[in-house]
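Read through the structure below, which is laid out as structure tokens, and then see the notes.
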Amino acid sequence: RGQNSVGNLKPTMLAVLLVVAAGSEALTNVHRKFQDAQLDVRGNGFEETDVAASKRSSIHSQFLEAPSNPVSLFVAEMNTPKRTYGAFAITMPKQREYVKSFFKGVGIEMISEIVPGVNRSLLNVTDLVKKGMVNQYYEVSGEDNSHSIVAELATTFAHGRAVRHFLQSKADFGIIFEDDVRLVSKDIIERIPGGKVAGFLGALDTMLDHIPEDFDELNLGRCVSECMRQSLTARLSPNAFLVQSRYQYCSSSYVISRKGAEKLNKWLHTNVASSNDYIKVMGFEKGEYEQYSLAPRMFEQNDRCGVNSCGDVIECVNAPTNDDWMCGCKVFNATSDTESILHCDRKAK
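Using my numbering, the first residue of the sequence shown is number 7, and each one after it goes up by one.
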């Protein structure tokens, strides 16, 4: 399975399932074809000297900018009568079996391609700032700023890589997953029209039937959102809705249009000033990124420790705030399926 290449795919392939994996050995030559056995997430062995740092950054800059190459190929098609989909899973090698199991559970069992991801140990932030890839005033996520800059950048660049692979495909829409994703409940798929008969893709077709045509992203696994200030976009069923809310964080699972992917392709590779999650949240607040969410969410993070936390992150955080977001506007309660006007006691200063 690891001997095939993208060149063997016929142009009629309707959707490509990519698994983005990290490998330090792969970074020594970005144009080589990778084998499964050669993927390695151990340290790169460089000593922390100026020469090593320069070499490290040079290798990684070429790696980020060069086309990626496949590791494994499996014949697979994911298509519906309405649309073509490409699904991309950002995956570390040790998580490959878990990802296979996840896709089998969701009903998407065939992994088509594994491409090199981003190894955080090869990132030289100073050099990336000089090259214009990272903003010199990069803001680390989290109130206590305890996150690692290189860890966040590696994740952001990995999402950028998945976005580019979607743009290089023939698919109409891209579905991007992280390797710590899990399905909340099969019932959530089945409660959406089309889900019982056609599974995940049938439910997804229904969601895209009801989302505005100019959408950039549909988040299927949002977290720490201000759900008490969300607006209703569409009722899919009595207990499944499309909404827009403030802080639609988490990128464990989301669908992007080609228009949205073009925006992310720029934002996640040029003058990056924060994590990929925060970039999208701020794009939404500025009116530059049309982001929607499924409520309740279909996917969540599993118990594995990631860049931002260990374990699952809750979907809604309804903490009091002192700004006027959605004040005087109609907001939606997904639990009671009701809309009401949001009356705010406090306004932003």
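Beta carbons are placed, not taken as given, at the ideal position from N, Cα and C, and that holds for glycine.
Put residue i into one of helix, strand or coil per three-state DSSP.
{"i": "Ser107", "result": "helix"}
{"i": "Leu226", "result": "coil"}
{"i": "Leu348", "result": "coil"}
{"i": "Arg197", "result": "coil"}
{"i": "Leu173", "result": "helix"}
{"i": "Val124", "result": "coil"}
{"i": "Phe305", "result": "strand"}
{"i": "Phe338", "result": "strand"}
{"i": "Phe163", "result": "helix"}
{"i": "Glu291", "result": "helix"}
{"i": "Ala93", "result": "strand"}
{"i": "Leu300", "result": "strand"}
{"i": "Phe206", "result": "helix"}
{"i": "Val140", "result": "strand"}
{"i": "Val158", "result": "The residue you asked about is not Val; residue 158 is Glu in the sequence shown. DSSP places Glu158 in helix when its eight states are reduced to three."}
{"i": "Leu189", "result": "strand"}
{"i": "Ile320", "result": "coil"}
{"i": "Ile114", "result": "coil"}
{"i": "Ile285", "result": "helix"}
Let me make sure I understand the geometry here. Which of the options has the alpha-carbon closest to that of residue i?
{"i": "Lys106", "options": "Ser147, Ala160, Val187, Arg89", "result": "Val187"}
{"i": "Cys256", "options": "His349, Ser299, Val337", "result": "Ser299"}
{"i": "Ile262", "options": "Cys350, Phe183, Thr132", "result": "Phe183"}
{"i": "Ser342", "options": "Pro302, Pro87, Cys335, Asp329", "result": "Pro302"}
{"i": "Ala162", "options": "Asn130, Tyr284, Lys100, Pro87", "result": "Reading off the sequence shown, one finds Thr at residue 162, where the question assumed Ala. Out of Asn130, Tyr284, Lys100, Pro87, Tyr284 has the C-alpha closest to the C-alpha of Thr162."}
{"i": "Thr86", "options": "Phe206, Asp309, Leu270", "result": "Phe206"}
{"i": "Val337", "options": "Asn245, Phe290, Ser251", "result": "Ser251"}
{"i": "Tyr143", "options": "Ala279, Asn339, Gly180", "result": "Ala279"}
{"i": "Asp329", "options": "Ala340, Thr344, Lys136, Leu348", "result": "Leu348"}
{"i": "Asp351", "options": "Trp331, Ala340, Thr344, Ser258", "result": "Trp331"}
{"i": "Asn282", "options": "Cys233, Lys192, Ala157, Pro218", "result": "Ala157"}
{"i": "Thr344", "options": "Met234, Val287, Asp309, Gly334", "result": "Met234"}
{"i": "Lys269", "options": "Val249, Asn339, Gly293", "result": "Gly293"}
{"i": "Lys265", "options": "Cys335, Tyr295, Val146, Glu291", "result": "Tyr295"}
{"i": "Asp309", "options": "Val249, Gln101, Asn271", "result": "Gln101"}
{"i": "Asn225", "options": "Cys335, Phe290, Met98, Ala325", "result": "Phe290"}
{"i": "Asn339", "options": "Asp220, Cys333, Ser147, Val249", "result": "Val249"}
Roughly how far, in whole angstroms, is the beta-carbon of residue i from the beta-carbon of residue j, given that I think they are within contact range, below 8 Å?
{"i": "Tyr104", "j": "Asp222", "result": "Contact doesn't hold; Cβ gap of about 29 Å is too wide."}
{"i": "Ile96", "j": "Val131", "result": "With a Cβ gap of about 21 Å, Ile96 and Val131 do not count as contacting."}
{"i": "Gln297", "j": "Gln254", "result": "5 Å"}
{"i": "Gly180", "j": "Ala267", "result": "6 Å"}
{"i": "Val190", "j": "Leu159", "result": "About 29 Å; that fails the 8 Å criterion."}
{"i": "Pro199", "j": "Ser243", "result": "6 Å"}
{"i": "Ile195", "j": "Met288", "result": "No, Ile195 and Met288 are not in contact; Cβ-Cβ is about 31 Å, not under 8 Å."}
With a threshold of 8 Å between beta carbons, is residue i in contact with chain B?
{"i": "Asp343", "result": "Note that chain B does not occur in the displayed structure, where there is just one protein chain."}
Given the structure, does residue i come close to the ligand SAH, in the sense that its CB is under 7 Å from one of the ligand's heavy atoms?
{"i": "Cys333", "result": "With respect to the ligand SAH, the structure shown offers nothing to examine, as it has no ligands at all."}
Run through the segment 231–283 for me and flag every whole beta strand (DSSP E) of 3 or more residues, listed as ranges in chain order. 232–243, 246–252, 259–262
Would you be able to state if there are at least three C-beta pairs under 8 Å between the segment 208–220 and the segment 125–136? no
Inter-stretch contact (C-beta, 8 Å, three-pair minimum) for the segment 162–173 and the segment 275–283: yes
Touching or not, the segment 229–240 and the segment 321–333, by the rule of three or more beta carbon pairs under 8 Å? yes
Segment contact flag, the segment 233–251 with the segment 156–168, C-beta cutoff 8 Å, min 3 pairs: no
Using 8 Å as the Cβ pair cut-off and three pairs as the minimum, do the segment 176–192 and the segment 89–97 touch? yes
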